[in-house]
Every structure is written in C-alpha cells, then in structure tokens.
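Residue numbers (the numbering used here): -3 to 415.
Ideal Cβ positions, reconstructed from N, Cα and C, are used throughout, including at glycine.
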Ligand code: NAD
C-alpha cells in the first residue's frame, strides 16, 4: 500500500538526502528543516446571505536568512499547515538556487474559491490581509499569487495593507496589476520560465524544441502560459488538462483556440469540443505518449505507481512538489530526466523580484528587458545545477537542492546564530 503523502515530510526527506549526497555538514539541518514562524489565523467573513463563516488561513515564514520572506498565497479546499510549510521551504530553496536575495514563505486559506461570490472573496482576502498584516511588509515578507489567486487578489491585499499603513505600499505584494506597480512580464513569467527550462534541457541533449510532443497537466497561470509559448515555438501540445478533464489530440491541440475558450473563468475543458480531440482522464494524460511531461497543477501527481507507467523522456516540473520521493527513484532508474520544481518554476519569483526592485526604485522596465533578465538568471542557475549533478553524480533535483542548501548555510554561517 502507498504511504499517505505529506508534502512537508517529502521536502525534509529530500533535504536530508541532498545533504548526504553533497557531503554537507548537518549541523544546520534543524535550522533549515524548521520554519522560523508558522502563523494560523481564523477569519470570520460575512457571507452574502447574512450568515458568518470562519475560514482557516496560514502564513509560514520559512527563512529570511538570505533576504525578506517571499512566497505566494494559495486558496484551496485541501490547503493545510503542512502543505504551506512545504511550499515555504521550497521557496527558500528556489530563491537560493536561482540566486535572488529573498528567503522563503507561503500562505494559504482552506477554501474552495469557486463556492464564493466575488464580494465574499474580496472580504475574505481583506480579512486575511488584516490578520497577517503584522508580519508582512515590503522589507519583511512579500506575498504573490499561487493556485486560485491572481493579480486582482493581490490588488485587494495591496489596498488593505496600504490602508492599514496609511500610505501606498506597492512593494508589499508582487504579481499585482500593472496599474498598481506590477511588472511587465510577471503574469506569464512562471510559464515562460518553464519553457526556458525545457529549452535548456533539450539543448543540453542537442535537441530542438520544435516538433517535441508535450503533455501539460493544469492549464492555469503556469500551464496555460507554458502551453501558449511552447506552441508559438513549434512544439506540439498533444494533451492538456484542468480540474474537470483532460483533452488529447495526437497531431497537436489548437492551443490559441483553447486559450480563447478558457478566457471565461467559468469555462471548463470537460465541455470543450473540437475536431480530432478526445477527452481523457488526468491519469491518462500523465501516461500519454509524449516526449515532455509538464505537471503544472498540484503536488503528489507522480508517485511510485504513476512513475512506472510514464512514456515521456523528460519531466519539467511547473507545479511545486508534483513528484514524490518514491516517484523520483523510479524515474531515475528508468532514465527519465527531470528538471526539478525549484529550478523549473522559478521564473515567477525571479520576475517578482524584478517587480519588487522596480517598486523600490520607482522604475518601470519594458517587457523585453524583463524577459531577457529572466532568461539570463535561469540559464546561470541551470549551468550551476548541471555542473553539480555531474560533480556529485546525482539527479538534477539533488543537485539543485545541494546548490541551494549550500547558499543558505553559507549565509547563516556568515551571520552566526542570534543572539
Ligand atoms: P492556477 O490556479 O492558475 O491553475 C491551476 C490549474 O490546475 C488549473 O487549470 C486547475 O484547473 C488545474 N487543477 C487543479 N486541480 C487539479 C487536479 N486535481 N488535476 C488536474 N488539474 C488540476 O495555479 P498556478 O498559479 O498555475 O499554479 C500551478 C502550480 O504551479 C502550483 O503547484 C503552484 O504552486 C505552482 N507555481 C505557481 C507559480 C505562479 O507564479 N503562479 C509560481 C511557481 C509555482
């Protein structure tokens, strides 16, 4: 029987193994393992029918050793403290591996936002912001979008926080609308970064992006933008999914038409129809005949059982934590190359960093500059990770962790332990 999946246990297991492989002294393990602060908040919200519902929310600040805490906010019915602790830990590692001066944090509310009206969602977001206000701030902890949150929700957080401070504070969130100080290129940055990672791993193996068959699980911010950009670059997107269903077309899906259909937030792939497409299950999507699989939905999708059945040659992790430690072992044994989440989906936080730098300097950069800087930052990190994987004869996941952990420990060593 498969062990019950716990994302926090999963990340700690990988941390420990990476420290062994990288011969990293474990004197800092307990520090890196535990978040610096984990806050649980209870949020009473007046519903449209006059009743009051109390929602549970979290903000976990894993580390600010290398810079202010940084990480997105997730709205999901299955969100819990251990998931947010794992996501916060991944943020610390992600910012370290791509070398931006941030630590790691994450937030979440246990709610299915599809069951709320827009007015209820706004009140919930503002109440959550009020509850975490003492611990966030431009130089303290900077939230951003994640699953089921977007630039509109960031605008509500920014406004609530600014009201409480009595002044505009654009740098308190990233991924906000352009009109409020958002960065050009931020909306698509995570998906663009997934494409950059895909191109880098293919180039390493002397392969072109054009003509590659790609399956993408999740067609939200990350998966949708990755699909659009890969399609523009001549890749063949053979399968894509959302929470309702997956669709498949052997000769490639018409991505612009699907994106157009999904512009309406109520639209689901289960109702999408076009010539040559078949509706398949999410499991079938993961196992379909493709060269590259991009999981871009949630954690725990590629476990031991699924890993045995995959037909792809590459996995590029758009989502955080889509592969379990047992899944990883099978993939390695089968020779499937995996570009790990903390590297592959770092485009979002890199451009968030650029957004924050623009806010602090009161500057606006054009999109070409942002995209070029993103590509440079990711390419440098990719080279470091590949070099470490060759040196330590390990997977790209282990190598990325080793590179990241060394940077965090080095910064901690330089500072010493307070007091
Ligand atoms: P999103 O809410 O925009 O999209 C999520 C997508 O996954 C939707 O298409 C949804 O229908 C689909 N989905 C949800 N549950 C599913 C299920 N059980 N099976 C299949 N599909 C399902 O979220 P997002 O921002 O695109 O985030 C996706 C992943 O990428 C998450 O793991 C997130 O932590 C990670 N990530 C996001 C960002 C970012 O900038 N938004 C940055 C780094 C990593």
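Problem set entry | Pick from 124, 92 and 248 that is closest to residue 272, judged by C-alpha positions | 248
For this session: Would you please state the rounded distance, in angstroms, between the beta carbons of residue 290 and residue 312? I believe it to be under 8 angstroms.
Result: 5 angstroms
Problem set entry | Closest by C-alpha distance to residue 148, when choosing among 159, 128 and 169 | 169
Exercise. For residue 273, which of helix, strand or coil comes out of DSSP?
Worked result: coil
Problem set entry | Cutoff 8 angstroms; reference residue 120; Cβ partners in own chain excluding five residues on either side | 39, 41, 51, 105, 107 and 112
Exercise. Which runs of the alpha helix (DSSP H), 4 residues or longer, sit entirely within the region 304 to 350?
Worked result: 321 to 330 and 337 to 340
Exercise. Taking only runs of the alpha helix (DSSP H) that begin and end inside the region 64 to 105, which ones reach a length of at least 4 residues, in chain order?
Worked result: 77 to 93
Problem set entry | residue 287 versus 380, 61, 133 and 211, residue with shortest Cα-Cα distance | Out of 380, 61, 133 and 211, 211 has the C-alpha closest to the C-alpha of residue 287.
For this session: Could you tell me which of 216, 76 and 86 sits nearest to residue 404, measuring between CA atoms?
Result: 86
Problem set entry | CB contact flag (residue 77, residue 98, <9 angstroms) | No Cβ-Cβ contact shorter than 9 angstroms links residue 77 with residue 98.
Exercise. Fully enclosed by the region 117 to 183, which beta strand (DSSP E) runs are 3 residues long or longer?
Worked result: 137 to 141
For this session: Please indicate yes or no: does the CB of residue 188 lie closer than 8 angstroms to some heavy atom of the ligand NAD?
Result: no
For this session: Consult DSSP for residue 241 and reduce its assignment to one of helix, strand or coil.
Result: Residue state for residue 241 is assigned as coil, using DSSP reduced to three classes.
Exercise. Cβ of residue 144 within 8 angstroms of any heavy atom in the ligand NAD?
Worked result: Checking the Cβ of residue 144 against the ligand NAD gives yes.
Exercise. Going straight from the alpha carbon of residue 70 to that of residue 103, what length do you get?
Worked result: Rounded to the nearest whole angstrom, the C-alpha separation of residue 70 and residue 103 is 6 angstroms.
Exercise. Looking at the structure shown, is residue 187 part of a helix, part of a strand, or coil, going by DSSP?
Worked result: helix
For this session: Helix, strand or coil for residue 209, going by three-state DSSP, please let me know.
Result: strand
Exercise. Comparing the CB of residue 373 with every heavy atom of the ligand NAD, is any distance shorter than 8 angstroms?
Worked result: no
Problem set entry | Selected residue, minimal CA-CA separation from residue 152, among 131, 124 and 137 | 124
For this session: Take residue 229 and list the residues in its own chain whose beta-carbon comes closer than 6 angstroms to its own, dropping the five residues that flank it on each side.
Result: 205
Exercise. Say the cut is 8 angstroms; is the CB of residue 415 nearer than that to a heavy atom of the ligand NAD?
Worked result: Not under cutoff, so the answer is no.
Exercise. Between residue 344 and the rest of its own chain, which residues show a CB-CB distance below 6 angstroms, the 5 nearest in sequence each way excluded?
Worked result: 185 and 186
Problem set entry | Three-way DSSP call (helix, strand, coil) for residue 378 in this model | helix
Problem set entry | residue 329 versus 342, 366, 300 and 13, residue with shortest Cα-Cα distance | Across the set 342, 366, 300 and 13, the C-alpha of 300 shows the shortest separation from the C-alpha of residue 329.
Exercise. Within this structure, are the beta carbons of residue 198 and residue 213 separated by less than 9 angstroms?
Worked result: No. Outside cutoff.
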